[in-house]
Amino acid sequence: MSETRIKLAPDTVAYADEETRKLVVEFSIPGAPTETIDVKILKDSIHLTAPARDIEYVAALALAWAVKPEKAEAVYEHGLLRIEVPFKDPMEDAVKVVIKTAVAETKSAVITAEAAPPAAGCCSKKPLVGEPALSH
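Residues -1 to 134 in my numbering are what the sequence shown spells out, letter by letter.
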């Protein structure tokens, strides 16, 4: 005969600790032996199962901000499981995009002598008083 347990959601408190930049989650799971508690953390959720006598605590929390599951720490004392996990920096996996300069398309033009503009400072102007005359 298999053992039947009532599934129960534990009392849960979750909050952001601004000072340590961590998510803190506390589950009240009295009577659950430490070795039977199963906690799994993903970057966006926390899952708990913890059998205790004739009940089984079960919980799943969706997280609004990503966390670093590999850095999670948990302590179980007097029926209270406290989990601390640091928030993931939203720019941590950002990829820097290399920006290229757009090169304007240039067209080559042939300039003939008739179409060429006069050169700056050419003889077409009269010298001012005191200015030396240009000679060719």
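Note that CB positions come from ideal geometry on N, CA and C, so glycine has one too.
Among the options, which one has its Cα closest to the Cα of residue i?
| i | options | result |
| --- | --- | --- |
| E24 | D91, V73, E90 and A92 | V73 |
| A58 | V95, A70, G29 and L40 | L40 |
| V56 | S26, V22 and T99 | S26 |
| T32 | L6, V95, G77 and E90 | G77 |
| R51 | E68, L6 and T99 | L6 |
| I44 | E17, E75, T18 and L79 | L79 |
| T10 | E68, E17 and V22 | V22 |
Buried or exposed: residue i, going by 16 or more other Cβ atoms within 10 Å of its Cβ?
| i | result |
| --- | --- |
| A48 | buried |
| P88 | exposed |
| L46 | buried |
| M(-1) | Because M(-1) carries a pLDDT of 39, less than 50, the predicted location of this residue cannot be relied on, and the following value inherits that uncertainty. Its Cβ having fewer than 16 others within 10 Å, M(-1) is exposed. |
| P8 | buried |
| I4 | exposed |
| I97 | exposed |
| D15 | exposed |
Just confirm the distance between the C-beta atoms of residue i and residue j, as a whole number of angstroms; I'd bet it's less than 8 Å.
| i | j | result |
| --- | --- | --- |
| K38 | F85 | Actually they do not touch by this definition, with Cβ atoms about 18 Å apart. |
| D42 | L61 | 5 Å |
| A64 | I81 | 15 Å between Cβ atoms; not a contact. |
Tell me whether residue i counts as near the ligand FMN, meaning its Cβ is closer than 7 Å to at least one heavy atom of that ligand.
| i | result |
| --- | --- |
| V23 | As presented, the structure is devoid of all ligands, the ligand FMN included, so that no description of it is given. |
From residue i to residue j, what does the alpha carbon distance come to, in whole angstroms?
| i | j | result |
| --- | --- | --- |
| T34 | V83 | 21 Å |
| K66 | G29 | 29 Å |
| V53 | T2 | Checking the sequence, you will find Ile at residue 53 rather than Val. C-alpha separation (whole angstroms): 8 Å. |
| V101 | V93 | 25 Å |
| Y13 | T99 | 46 Å |
| E68 | E17 | 20 Å |
>> Threshold first: 3 residues or longer. Then list the beta strand (DSSP E) segments lying entirely within the stretch 8 to 53, N to C.
In response: Fully enclosed beta strand (DSSP E) runs of 3 or longer: 9 to 15, 20 to 26, 36 to 40 and 43 to 50.
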